[in-house]
Amino acid sequence: MKKITFLLFIFCATHVFSQNMETLKKEAMRDAQAACNATLKEDFKTLLTFTHPNILKAAGGAEIMEEYLKSTFNQMKADGFAYEVAETKAVSDVVKEQNEYRCYVENYNVMRMKDKRITSTSYMLGMYDEKAKKWTFVEAKEMKSSGSIIAYFPDFKTSLEIPENTMKMEDIKE
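The sequence shown maps to residues -18 to -1, 1 to 156 in mature numbering (1 follows the signal peptide of the UniProt record, and there is no 0).
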């Protein structure tokens, strides 16, 4: 009887754990898509709520980062740049490492720059904020040893094997 009770306990604990990971994965998809939607709408206030706090702190705060994004997007639009598509395609399995849940998300973007169309697949590293019950993201490529933001994450290590970004540019023929 003790063996059956023990096995039942293990089964229930494993089932709850896997359900929790699936829930976190769905929430990562939801939050990553919300960040993409905010990018398309140029809703930088919302976008920054999905930006990892270490990045906001390094930039001098959300208000400064918001003004920077507004200025950058305005300049890009003046140069003929426009987002056409920004969507989250997939979320990796969620892992728990260094006392936090993490995953990466695959984003698909289509942008127009004057007479060019740029199609890209990029990856964001997601880190779950358990207090806020939401995911925040950073550019995955910038979290590699040669990346520009890894310094803002002391002792960062991950077992996640994040794919490389891809980009294709083509002439628009109308």
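All C-beta atoms in this analysis are idealised placements derived from N, C-alpha and C, irrespective of residue type, glycine included.
Met149 is bridged by DSSP to Ser102. Secondary structure note for Asn89: it is in no alpha helix (DSSP H), and the uninterrupted beta strand (DSSP E) holding it is 82 to 95. For Ala60, the enclosing alpha helix (DSSP H) has its first and last residue at 44 to 60. Counting the other Cβ atoms within 10 Å of the Cβ of Met106 gives 16 or more, which makes it buried. Counting the other CB atoms within 10 Å of its CB gives Ser74 a total of 16 or more, which places it among the buried residues. One thing to note: Asp61 has its Cβ no nearer than 8 angstroms to the Cβ of Asp153.
The beta carbons of Thr118 and Phe32 sit about 6 angstroms from each other, so the pair counts as a contact at 8 angstroms. Ser102 is positioned such that its CB atom lies no closer than 8 angstroms to that of Thr28.
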